[in-house]
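Chains as they are written, first to last, in numbering that gives the first Met the number 0: chain B, 0 to 134; chain U, 0 to 134; chain D, 0 to 134; chain P, 0 to 134.
All C-beta atoms in this analysis are idealised placements derived from N, C-alpha and C, irrespective of residue type, glycine included.
4 protein chains.
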Amino acid sequence: MEKFETRVRVRYEETDQMGAVHHSKYIVYFELGRTEFMRHLGFPYSELEKDGFFLPITECYAKYHAPCKFEDEIIIVTSLGEIKNVRIKFNYKIFLKADIDGQKLLAEGYTVLGCLNKEGKIIKLPEKIRRLRNA
Amino acid sequence: MEKFETRVRVRYEETDQMGAVHHSKYIVYFELGRTEFMRHLGFPYSELEKDGFFLPITECYAKYHAPCKFEDEIIIVTSLGEIKNVRIKFNYKIFLKADIDGQKLLAEGYTVLGCLNKEGKIIKLPEKIRRLRNA
Amino acid sequence: MEKFETRVRVRYEETDQMGAVHHSKYIVYFELGRTEFMRHLGFPYSELEKDGFFLPITECYAKYHAPCKFEDEIIIVTSLGEIKNVRIKFNYKIFLKADIDGQKLLAEGYTVLGCLNKEGKIIKLPEKIRRLRNA
Amino acid sequence: MEKFETRVRVRYEETDQMGAVHHSKYIVYFELGRTEFMRHLGFPYSELEKDGFFLPITECYAKYHAPCKFEDEIIIVTSLGEIKNVRIKFNYKIFLKADIDGQKLLAEGYTVLGCLNKEGKIIKLPEKIRRLRNA
């Protein structure tokens, strides 16, 4: 299971006065793709947190190719990057769901996540996540 | 101490494609006015929460008179409404800080807050807050 | 066509440190319900704006009954309220999509929208919207 | 004029259920630092846009060192990076305004901005901005 697609429609609130989605909202789209992907893999965030694993972002990058507009349907493609004992990387591509001629890349990027316990101390990622390395 | 003024400048991210501040952001301005007011009164939220008092919003109303624009300086005027044992009301008026001819009302509204303990059970507001009734 | 349902899953970004969805995000859920409803009725916002009709919120109210949690699936039920020449009201109910025993009301509210032209002058709502009165 | 400081207090709405500021909000802090810096330099965004220059983000990076908490006072230090004819880079460092023992680095990053005209075509940055290269 290497890639996962999440489909979402752009909300009015996500636009800014330039007439397209504000750049900080793509970071939220990345998160949406990642959390849906992890739920699909069998590790919903809400359960991880109940088990005492918190996954804060330690690094985040986005490159913007073309604007997302209100009411656009977009596809967030999330894939696994490098998995270490104490951190995991996810890569993202956001496409416009074009009606006829295929898909247009709107943005891409990555996030790196660490792993903390409830007290905020760095701990190893849950084993079921670390095992994805061999998948 | 009946009224409190908070000054803030509109952020680009708060606008939407209509070219003014998105209506949901006024609710955030209300919160900003309220939390600054409570800090000023000697009850910062962060301390209340450490002491085990959580104040969720139970009701919220806003009336919009004129648009806030990016880079506008606005003044949030927060005042106390009715204080009951288990809930407290705050009223808000948001003005444009006009340079010459006084202030223009942009929006007004209120929020009602309840009081919960860490387990989410309804409890009485901290006594120091209930005592504001007699102030 | 009197009611419309929109289903959405709570995003991590929508939570706050109280551990549930921030109250201002319900206003965004209302908007999501309303814009999906209008698209369904054949009046997508993006087309209205292209035709020179802008629908700013003039009033907004929400009552919160129970917290929405991260990863909850919620159902936004949007219905038409009073339609005047220059304003339209929408009513909202947000339910938790419970697996077994039916639906739990999380929040309800309304918004009133005005109608402006590109220059920001109050104008009549498009006729196709005003005609909904008789629907 | 190489660096500019913007001071701001963390808003409740900016936190998430992990108990600290959501990572996407640092991107908004970067924007706040940048727009205040540009206003200080004499090029407020609102004027640039009136003159027909739109500056969308083409790239964005953030590295997170320590969490920002609600009610923390933070200092956003914005500085100019490379300036080309059609793009400009800004660098950011976000510090906790510590009371006694100096400042703690919470996050750092950069954004690259392009320049578009009203029709969305790439154009040169306004001359007054390009001239900053020689400042």
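- Task: Please list, in chain order, all residues of the same chain as U/R10 whose beta carbon is under 8 Å from its beta carbon, the five residues on each side excluded.
- Result: F69
- Local Cβ density within 10 Å of D/N133, reported as buried at 16 or more and exposed below that: Label assigned to D/N133: exposed.
- Could you name the residues of chain U that B/F11 contacts, counting a contact when the two beta carbons are closer than 9 Å? A quick correction: the sequence has Tyr, not Phe, at residue 11 of chain B. Chain U residues near B/Y11: D15, Q16, M17 and H21.
- In whole angstroms, what is the alpha-carbon distance linking U/E72 and U/K96? 6 Å
- Query: Mapping DSSP to helix, strand and coil, what is B/V27?
  - Reply: helix
- Message: When you compare the CB of P/F29 with every CB in chain E, is at least one pair closer than 8 Å?
- Response: Checking the listed chains, one finds no chain E in this structure; the protein chains it contains are B, U, D and P.
- Task: Throw me the rounded Cβ distance for the U/I26 and U/C59 pair, which I believe falls under 8 Å.
- Result: Contact flag correct, Cβ pair sits at about 6 Å.
- Taking only beta-carbon atoms, is U/F53 less than 8 Å away from chain B? no
- Supposed close pair U/E30, U/H21 - CB separation, criterion 8 Å: Actually they do not touch by this definition, with Cβ atoms about 15 Å apart.
- Output yes or no for whether 8 Å exceeds the beta carbon distance between P/T76 and P/K24. Checking the displayed sequence, the identity of residue 76 of chain P turns out to be Val instead of Thr. It is not a contact, given that the beta carbons lie outside the stated cut-off.
- Message: Tell me the DSSP secondary structure of U/R6 in three-state form.
- Response: strand
- Item | Spatial distance of P/L131 from P/I82 (CA atoms) | 8 Å
- Task: Note down the Cα distance separating D/S78 from U/G80, rounded to an integer number of angstroms.
- Result: 31 Å
- Message: Whole angstroms are fine: how far does the CA of B/D50 sit from the CA of B/I99?
- Response: With a pLDDT of 49 at B/I99, under the threshold of 50, the modelled position of that residue is not reliable, and the figure given next carries that caveat. Roughly 45 Å separates the two Cα atoms.
- Hey, quick one: how far does the beta strand (DSSP E) through P/Y60 stretch, first residue to last? Unbroken beta strand (DSSP E) run through P/Y60: I56 to Y63.
- Message: So U/F69 contacts chain B; which residues on that side make the cut at Cβ distance below 7 Å?
- Response: Q16
- Task: Please confirm if P/P43 has its CB atom under 8 Å from at least one CB of chain U.
- Result: yes
- alpha helix (DSSP H) segment containing P/K127, residue limits: For P/K127, the enclosing alpha helix (DSSP H) has its first and last residue at E126 to R129.
- Alpha carbon to alpha carbon, what distance is there between P/R33 and P/T110? Their backbone Cα atoms lie some 9 Å apart in a straight line.
- Query: Should D/I56 and D/I87 be called a contact, given that it needs their Cβ atoms to be closer than 8 Å?
  - Reply: no
- Item | Closer than 8 Å to chain D by CB, B/T34 | yes
- Message: Counting only Cβ pairs nearer than 8 Å, list the residues of chain P close to B/T57.
- Response: K62 and Y63
- Message: By alpha-carbon positions, which one of U/E48, U/Y63 and U/V7 ends up nearest to U/E107?
- Response: U/Y63
- Determine whether the Cβ of D/I87 lies closer than 8 Å to any Cβ atom of chain U. no
- Could you name the residues that DSSP lists as bridge partners for D/R33? In the DSSP output, where bridge partners are listed per residue, D/R33 has none listed.
- Anticipated Cβ contact below 8 Å, U/C114 with U/L124, distance rounded: Yes, U/C114 and U/L124 are in contact; Cβ-Cβ is about 5 Å, under 8 Å.
- Distance, P/Q16 Cα to P/V7 Cα: Taking C-alpha positions only, P/V7 is separated from P/Q16 by approximately 21 Å.
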